[in-house]
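Trainee: When we follow my numbering, the leftmost residue of the sequence shown carries the number 106, and every step to the right adds one.
All C-beta atoms, glycine included, are put in the ideal place defined by N, C-alpha and C.
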Amino acid sequence: MQDESTEVIPARAKAEALLRAGRLSEARGAARDGLSGEGSDAGLYAVLGRAHAAEDDDDHDDRAEAVFKEGLASFPDDLDLLAAYAELCARADYMERPVRHRLRGELAARLRELAPDSPQALQAAQTAGGGGSGGPKPPSAVRVQRLEAQRVIRRGAGERERVRELAAARPLDARLAVLDETLTALERRGRGLLRFIVRAPGTYALVLLVLYVAVLLAVPVFRLPWWVMGAGVLLSVPGVALKRLLKGARERAVRRELPSGAVESAEDEASLLPPVPGYTRRDQLQMAAALTVLLAAAVGSGVWQNAQYREYPHYTASVPDTFRGLQEVVDAPILDTLDSELGGDLGREGIESFRKVYVDDPDGEPAGTIAVLFGVHGDMHEMSARDVDSFLDALQGGLVPTTSDRWDAAPGAYGGWMRCLTATYPTGEVMGACTWGDKGSMGTVMLAGSDFDQHDRKGVEDFTRALRQTVLHPA
Numbered sequence: 106m107q108d109e110s111t112e113v114i115p116a117r118a119k120a121e122a123l124l125r126a127g128r129l130s131e132a133r134g135a136a137r138d139g140l141s142g143e144g145s146d147a148g149l150y151a152v153l154g155r156a157h158a159a160e161d162d163d164d165h166d167d168r169a170e171a172v173f174k175e176g177l178a179s180f181p182d183d184l185d186l187l188a189a190y191a192e193l194c195a196r197a198d199y200m201e202r203p204v205r206h207r208l209r210g211e212l213a214a215r216l217r218e219l220a221p222d223s224p225q226a227l228q229a230a231q232t233a234g235g236g237g238s239g240g241p242k243p244p245s246a247v248r249v250q251r252l253e254a255q256r257v258i259r260r261g262a263g264e265r266e267r268v269r270e271l272a273a274a275r276p277l278d279a280r281l282a283v284l285d286e287t288l289t290a291l292e293r294r295g296r297g298l299l300r301f302i303v304r305a306p307g308t309y310a311l312v313l314l315v316l317y318v319a320v321l322l323a324v325p326v327f328r329l330p331w332w333v334m335g336a337g338v339l340l341s342v343p344g345v346a347l348k349r350l351l352k353g354a355r356e357r358a359v360r361r362e363l364p365s366g367a368v369e370s371a372e373d374e375a376s377l378l379p380p381v382p383g384y385t386r387r388d389q390l391q392m393a394a395a396l397t398v399l400l401a402a403a404v405g406s407g408v409w410q411n412a413q414y415r416e417y418p419h420y421t422a423s424v425p426d427t428f429r430g431l432q433e434v435v436d437a438p439i440l441d442t443l444d445s446e447l448g449g450d451l452g453r454e455g456i457e458s459f460r461k462v463y464v465d466d467p468d469g470e471p472a473g474t475i476a477v478l479f480g481v482h483g484d485m486h487e488m489s490a491r492d493v494d495s496f497l498d499a500l501q502g503g504l505v506p507t508t509s510d511r512w513d514a515a516p517g518a519y520g521g522w523m524r525c526l527t528a529t530y531p532t533g534e535v536m537g538a539c540t541w542g543d544k545g546s547m548g549t550v551m552l553a554g555s556d557f558d559q560h561d562r563k564g565v566e567d568f569t570r571a572l573r574q575t576v577l578h579p580a
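(1) Can you tell me where the alpha helix (DSSP H) holding HIS578 begins and where it ends?
(2) Reducing DSSP to helix, strand and coil, say where TYR150 ends up.
(3) In terms of residues, what are the limits of the beta strand (DSSP E) holding VAL477?
(4) Measure from the alpha carbon of LEU219 to the alpha carbon of each residue in SER245, ARG524, THR397 and ASP183, then state which is nearest.
(5) Identify, in the order they occur along the chain, each residue of the same chain with its Cβ nearer than 7 Å to the Cβ of ARG265, setting aside the five sequence neighbours on each side.
(6) By Cβ distance below 8 Å, which residues in the same chain neighbour LEU124 in space, the five residues on each side in sequence not counted?
(7) So for SER546, helix, strand or coil by DSSP?
(8) For the alpha helix (DSSP H) containing GLN389, name the first residue and the last one.
(9) Is DSSP giving ARG296 helix, strand or coil here?
(10) For THR427, tell me which candidate among ALA403, ASP465, VAL342 and LEU347 has the shortest Cα-Cα distance.
(11) For the alpha helix (DSSP H) containing GLU356, list its first residue and its last residue.
(12) For the beta strand (DSSP E) containing LEU329, list its first residue and its last residue.
(13) In chain order, what residues of the same chain lie with their CB nearer than 8 Å to the CB of TRP512, ignoring the 5 residues before and after it?
(14) Using only CA atoms, which one of LEU351, GLY127, GLY139 and ASP278 lies nearest to ARG117?
(15) Classify VAL435: buried if its beta carbon has 16 or more other beta carbons within 10 angstroms, exposed otherwise.
(16) Return the residue from the list ARG196, ARG137 and GLU201 that minimises the CA-CA distance to GLU175.
(17) What does the alpha-carbon distance come out to for the pair LEU193 and PRO382?
(18) Along the chain, where does the alpha helix (DSSP H) containing GLN83 start, and where does it finish?
(19) Under 8 Å by Cβ, that's how I've got VAL424 and PHE459 pegged, so tell me the actual separation to the nearest angstrom.
(20) Below 8 Å CB to CB, which residues in the same chain sit around LEU314 once its five sequence neighbours on both sides are set aside?
(21) Grouping DSSP H, G and I as helix and E and B as strand, with all else coil, what is ARG524?
(22) With DSSP as the reference, label GLN559 as helix, strand or coil.
(23) GLN391: which of PRO306, PHE173 and GLU211 sits nearest, CA to CA?
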């Protein structure tokens with residue numbers, strides 16, 4: 106059973122007063138000093154653990170649990186220690202901290218065994234959902250702070266002035282101090298949006314949800330780049346700014362200087378502010394619905410984008426024997442060269458190739474115009490502009506020209522990407538080439554010969570686009 110002595114050591118009295126005043130860091134310091142200077146004391150362990158738990162932070166919750174366990178190792182039957190530990194366990198999330206959450210029932214049972222009619226046992230039974238009324242979980246410090254600021258902002262300047270006067274008159278009221286610091290921070294210039302979020306959180310949450318869903322769905326609908334979804338991060342900036350503002354207000358409230366003698370009279374102080382309700386079932390259902398909508402939009406957007414990514418245009422290829430007056434050259438040696446240089450890049454399962462060499466006069470020497478076509482079609486949904494550039498790099502490197510010029514060209518009716526170049530060789534010969542690529546095909550057209558004009562960029566582009574559309578037919 107708990108020690109029957111009613112004597113309270115000075116260190117415990119000071120730490121308890123600081124805890125009631127909401128000065129959590131100072132309360133922890135006073136409790137630790139007491140444990141170091143005055144020896145082991147169940148009350149000091151209880152205050153130290155509660156001062157950690159009151160921070161409403163996972164790391165502090167872990168430290169609080171360690172303190173309670175250390176205290177119970179020396180004082181296993183102390184009612185206040187057991188009750189404080191039971192309260193911490195009742196607040197634990199059953200999914201994130203299942204072991205801690207289950208302990209609440211064991212601690213409540215231990216309190217009933219030691220002192221069944223004690224306030225500690227009754228409170229533990231309620232928070233554990235065991236033998237009491239099973240009241241709702243008390244609101245967090247952040248919820249209390251936001252709802253109290255919301256109430257004052259909605260009531261206007263008169264209520265704000267009243268809070269300022271009460272905070273000055275009652276410096277030991279921790280809730281008043283936090284509220285006064287919060288309102289002071291929100292009143293500064295440029296924080297109208299943050300005041301709106303506090304005043305109308307439901308409206309803001311609805312607008313934010315609509316914008317999030319709109320961004321997620323706009324990407325596949327308008328085929329925007331995936332990184333556009335990063336705009337959702339920008340939508341979160343006001344909420345993050347408000348969170349930092351509220352945290353800063355709580356910290357400043359804790360650091361406020363107390364008037365002389367305030368600690369000694371702290372036990373007589375009680376907040377004048379009305380109680381703040383916890384989350385109702387309606388609140389929880391609304392949050393669950395919003396999360397469901399957001400998750401559905403995110404999953405739907407991802408599935409839709411993946412389907413779009415895997416889409417590709419289906420073609421059939423039919424290479425003509427003649428094109429624009431040019432005749433086919435059968436078994437042209439350059440095709441073997443291309444196979445050896447580029448065949449490894451072109452050969453892929455499920456992809457079909459096409460190739461042809463044309464000249465204006467098969468029997469003429471030298472040829473006035475030479476056109477070389479080679480390419481592939483099939484599932485190439487991973488194709489990008491970078492792949493087209495890489496292929497043209499490989500082609501240019503294999504040809505080893507003296508000088509070259511490269512440019513982007515319009516791909517034509519089939520879309521995708523097209524890059525072109527002209528090159529001059531040490532022999533003085535010139536050549537032009539264009540490579541196109543889309544998610545269903547990739548090909549290159551090379552032009553050379555005595556009649557080829559290396560300055561005729563448009564001619565190279567037009568010839569490539571026309572031959573591409575002649576060879577490939579949408580399935």
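Mentor: Short version:
(1) Element bounds for HIS578: not the alpha helix (DSSP H) but the beta strand (DSSP E), 577-579.
(2) helix
(3) 475-483
(4) ASP183
(5) VAL257 and LEU288
(6) ALA132, VAL152, ARG155, ALA156 and ALA159
(7) strand
(8) 386-415
(9) coil
(10) ASP465
(11) 342-360
(12) It is not in any beta strand (DSSP E) - LEU329 carries neither H nor E in the DSSP assignment.
(13) ARG524, CYS525, LEU526 and ARG562
(14) GLY139
(15) exposed
(16) ARG137
(17) 19 Å
(18) Residue 83 falls outside the range modelled here, since the chain spans only 106 to 580, and no answer is possible.
(19) 5 Å
(20) ALA395, VAL398 and LEU399
(21) strand
(22) coil
(23) PRO306
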